[in-house]
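Shown next, in the form of structure tokens:
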């Protein structure tokens, strides 16, 4: 449990103006990087790392935590405004954020993303601080079969984001899985579908796929519209602000997504993207209006953003307590601690408990600063909606190209982005949903890695998946979730056929 | 075309679609399109299972035929894709028989979309030749003009200022070194590679034309 004396001492430590200034600088830099497609949170942290060499450990970690927290939210700004996820974590936000912006409700979407990120960030950090040792112990119990069961459960989201046709969603997911096979086999390192191209050995980067899948089809479709229209097309107005009542109404979503994000954050290797998709999925499952998801639902934005930002605090738990980084960004944070003479692991809490508490307190500071800086970013976003399509989308194409290139510095990513974009365009005109494709691509490496690791451990026996209560629990949840989705879909279809008024907008795939 | 229209459950298919095939916009999926998409997925699945996996997945002899083979999951996925494509095809054919083609995408829209795709491809190809900054100047100018903007000062300002800012940001701040292109880097050794690539593409296209079409 929390030692209040040490907590108070830690609080005094972070009140140093240098620490607070570093945190603010990190938040501003993280926001800038987040809204720039191609610059990921990890890149932002790495770029800032050399600057921390001349700082005290606490000032350094304040700067890096500011970046870490804000970059996750920053990605949602471009996802909502121009359908280009600034970071991979914002992929789920595009699905409802961009339609909301097109409906002239961009401000509401941006504010919902900001407040959901803030709320879930605060709750998950509080939880991480309070139950620090318990989370660490639970995370230790997760081996390959347990993580595989979690991933399998996550894959059942595909059915709920498949739009009107489950079959098309499954085809898209299958294609996403296949594209994820390009690169090296995760166990043996054998080349798969690299076609002799060296740069394909590392596989396709997630941002390459997301930018191609969501941005290029939008450029083509909007380009055709702009060409046919003789007048300037402006995306729309920022629209009204989010009412406090509306914010409060989504509390159950924040809580659900926070629980999901916290769990996934504490598990090494999963990261914020699956948390965002699972948060979105949970929001849809419990929504009274699930049919609005994918067409512009504030609940969808809240679920996704609360999910990805809830990862931050708990991701630090295995890193600080066990010396196991939760994702690549926390791995760099861990490196920063080592550079400054602190060794993350079980001894850190015993040797420097004030530092550990200070880190969590700094997360709160970063989240509060995020509110102010995020509000500023929303004010600036109003300029984007005033830019005519004729000008906006050529610039978006160039930004997408630079962003994709910047991730790994190779042109093969740019070519892949364009190829995926064209595939995405043909999928879109045939109403094959892009979301299952993206989810499958994100989860495929984890799925294969954990499945094969489990089978190697068990020497090929499937019994390993039912040998622990955690994996049995998640496998049961996966089966229940898939069955519930199929049942829900068939009932919902019957409901729509029975009520002619609901057939106003109907697609043939129904 | 059914999409975006008011449909009553009592209406017969003929009343919904009419006898004539109507032209529809880009984003209106058609049953004919469903059949083509299903056939494309089916062809990809068959190609993947019988050609791509055996040729482009290196399987260590020790693991051949086991669940730990690097080819195990790709094969499983291609089988799944073939199965799903067949279901998708059956659904498309059934809908086609029941309701007709569901409309035809306007040729004009295809041509316009093709134009955007061509500009995108030309932009990426230009990066190899003249570098990312110069290609972006041309790319923004070409696409802005294509999308209907006709103010030359605005086009010039945008197409110069944005690539300049991006060049400064990525090269000086983020330390990402952007491609300079064969012509500006002085690395003319890449030109034969480019020609070789184009030659291979032409050979592949000829093969596809002769064998499949």
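Residue numbers (our numbering), protein chains in the order written: chain F, 87 to 596; chain Z, 397 to 609.
Every residue gets a Cβ at the ideal spot worked out from N, C-alpha and C, and that includes glycine.
Helix, strand or coil at residue i according to DSSP, with G and I counted as helix
i                      : result
residue 466 of chain Z : coil
residue 270 of chain F : strand
residue 487 of chain F : helix
residue 171 of chain F : coil
residue 278 of chain F : strand
residue 143 of chain F : helix
residue 375 of chain F : coil
residue 211 of chain F : helix
residue 236 of chain F : helix
residue 531 of chain F : helix
residue 242 of chain F : coil
residue 326 of chain F : coil
residue 205 of chain F : helix
residue 426 of chain Z : coil
residue 481 of chain F : helix
residue 301 of chain F : helix
residue 445 of chain F : helix
residue 453 of chain Z : strand
residue 429 of chain F : coil
residue 474 of chain F : strand
Neighbour-count burial assignment, residue i, 16 or more Cβ in a 10 Å radius
i                      : result
residue 462 of chain F : exposed
residue 193 of chain F : buried
residue 539 of chain F : buried
residue 424 of chain F : exposed
residue 516 of chain Z : buried
residue 336 of chain F : buried
residue 569 of chain F : exposed
residue 476 of chain F : buried
residue 302 of chain F : buried
residue 507 of chain Z : exposed
residue 450 of chain Z : exposed
residue 545 of chain F : exposed
residue 490 of chain F : buried
Proximity test, Cβ basis, 8 Å: residue i and chain Z
i                      : result
residue 198 of chain F : no
residue 549 of chain F : no
residue 358 of chain F : no
residue 312 of chain F : yes
residue 492 of chain F : yes
residue 139 of chain F : no
residue 509 of chain F : no
residue 309 of chain F : yes
residue 497 of chain F : yes
residue 506 of chain F : no
residue 488 of chain F : yes
residue 500 of chain F : yes
residue 135 of chain F : no
C-beta neighbour in chain F for residue i, strict 8 Å
i                      : result
residue 561 of chain Z : no
residue 520 of chain Z : yes
residue 578 of chain Z : no
residue 540 of chain Z : yes
residue 484 of chain Z : yes
residue 448 of chain Z : yes
residue 453 of chain Z : yes
residue 570 of chain Z : yes
residue 526 of chain Z : no
residue 497 of chain Z : no
residue 489 of chain Z : no
residue 601 of chain Z : no
residue 461 of chain Z : no
residue 567 of chain Z : no
residue 597 of chain Z : no
With a floor of 4 residues, list each alpha helix (DSSP H) that falls wholly inside the segment 522-555 of chain Z, ordered by position along the chain. 528-542
Given a limit of 8 Å on CB to CB distance, which residues of the segment 466-483 of chain F reach chain Z? 474, 475, 476, 477, 479, 480, 481 and 483
Enumerate, from N- to C-terminal direction, the unbroken alpha helix (DSSP H) stretches of 4 or more residues contained entirely within the segment 381-420 of chain F. 384-395 and 398-408
Closer than 7 Å, Cβ to Cβ, to anything on chain Z: give me those residues from the segment 529-559 of chain F, in chain order. 534, 538, 541, 542 and 546
Residues of the segment 256-290 of chain F with Cβ closer than 8 Å to any Cβ of chain Z, in chain order: 256, 257, 260, 261, 263, 264, 267, 271, 273, 274, 276, 277, 278, 279, 280 and 281
For the segment 504-520 of chain Z, which residues have a CB atom closer than 9 Å to at least one CB atom of chain F, in sequence order? 504, 505, 508, 509, 511, 512, 513, 515, 516, 517, 519 and 520
At a Cβ cut of 9 Å, what residues of the segment 360-385 of chain F count as close to chain Z, listed as they run along the chain? none
Which runs of the alpha helix (DSSP H) at least 4 residues long sit entirely within the segment 489-520 of chain F? Give them in chain order. 497-515
Which ranges would you report for the alpha helix (DSSP H) in the segment 332-357 of chain F if only whole runs of at least 4 residues count? 337-352
With 9 Å as the C-beta to C-beta threshold (strictly closer), list the residues of the segment 186-197 of chain F near chain Z in chain order. none
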